[in-house]
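To start, the structure itself, in structure tokens.
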Amino acid sequence: MKHVISILMENRPGVLRRISGLFDRRGYNVDSIVASATEIESRTRMTIVVDGDEQILQQVIKQLLKLQEIIEVENVTHQPVISRQLLLMKLNATYETRIDIIQLADAFGARIVDIKADSIIIEATAENDVTQSIIETFEPYGIQSLMKTGTVALKK
């Protein structure tokens, strides 16, 4: 099962390295790590999606709380949260397929951020399952490249 962990920590050099090292040493499977500054300049919020059972999750939380820079660790998997991923995807686009791609992007609430003679780049912000649906929907057009961020989550 995938678990979403929200971490509030001091914004210091090397903290992200120490956290990722903790996961690496313990052999935990991390799906994504996203970190960013918060409204308080000296603090960073990190969202980690980890795959594993409840026992692994509890070990992860205990290990994180041992780190000096950690202020708060919370499992938000079953709490009311807003979670999103950012998806950028470059698609093959011919004159004939361009309108279809634009209409599909609009249906998903995605934006067209670049158009060339042979390609279109779309940007979408959505929950993980929706970004996966967007990818699957556009596969028949030919995906030249794509990049998506990890999950970011904020409690309601």
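Note that my numbering numbers the sequence shown so that position 77 is 82, with each residue one more than the last. Cβ coordinates follow ideal geometry from the N, Cα and C atoms, glycine included.
Item to check | Integer-rounded CB distance, given that T49 should sit under 8 Å from V157 | outcome: Contact between V157 and T49 is absent: CB atoms are separated by about 12 Å, not below the 8 Å threshold.
Checklist entry - So, do the segment 6-16 and the segment 55-71 have three or more beta carbon pairs nearer to each other than 8 Å? => result Enough Cβ pairs lie closer than 8 Å, so yes.
Checklist entry - For the alpha helix (DSSP H) that K67 lies in, which residues bound it at each end? => result K67: member of the alpha helix (DSSP H) spanning 59-70, first to last residue.
Checklist entry - How would you label M94, buried or exposed, when you count the other beta carbons within 10 angstroms and need 16 or more for buried? => result Looking at its Cβ environment, which holds 16 or more other Cβ atoms inside 10 Å, M94 is buried.
Next on the checklist: Tell me which residue opens and which closes the alpha helix (DSSP H) that Q108 is part of.
Outcome noted: Looking at the DSSP string, the run of the alpha helix (DSSP H) that includes Q108 is 103-112.
Checklist entry - Terminal residues of the continuous alpha helix (DSSP H) containing S25? => result It spans 20-31 - the alpha helix (DSSP H) in which S25 sits, taken as one unbroken run.
Next on the checklist: So, for T136: in the same chain, excluding its five sequence neighbours on each side, which residues have a beta-carbon less than 8 Å away from its beta-carbon?
Outcome noted: Closer than 8 Å at Cβ, skipping near neighbours: Q90, L92, A129, K153.
Next on the checklist: My assumption, with CB atoms under 8 Å, is that E79 sits in contact with S47. Please give the rounded CB distance.
Outcome noted: Contact between E79 and S47 does not hold, since the beta-carbon distance rounds to 19 Å and is not under 8 Å.
Item to check | Sequence-distant residues of the same chain with beta carbon closer than 7 Å to T2, five excluded per side | outcome: Residue 2 lies beyond the stretch modelled for the chain, which goes from 6 to 161, so this question has no answer here.
Checklist entry - Does DSSP put D36 in a helix, a strand or coil? => result When DSSP states are grouped into helix, strand and coil, D36 belongs to the strand group.
Checklist entry - With F113 and I139 assumed to form a contact (beta carbons below 8 Å), what rounded beta-carbon distance in angstroms separates them? => result That belief holds up - the Cβ atoms of F113 and I139 are roughly 5 Å apart, short of 8 Å.
Checklist entry - Around the Cβ of A5, are there at least 16 other Cβ atoms within 10 angstroms (buried) or fewer (exposed)? => result With the chain covering only 6 through 161, there is no way to say anything about residue 5.
Next on the checklist: Could you compute how far the alpha carbon of E141 sits from the alpha carbon of A122?
Outcome noted: When the Cα atoms are used, E141 and A122 turn out to be separated by approximately 23 Å.
Checklist entry - According to DSSP, is E77 helix, strand or coil? => result Strand.
Item to check | Short Cβ contact (8 Å threshold) for I126 with I106 | outcome: No, the pair does not count as a contact, with Cβ atoms beyond the cut-off.
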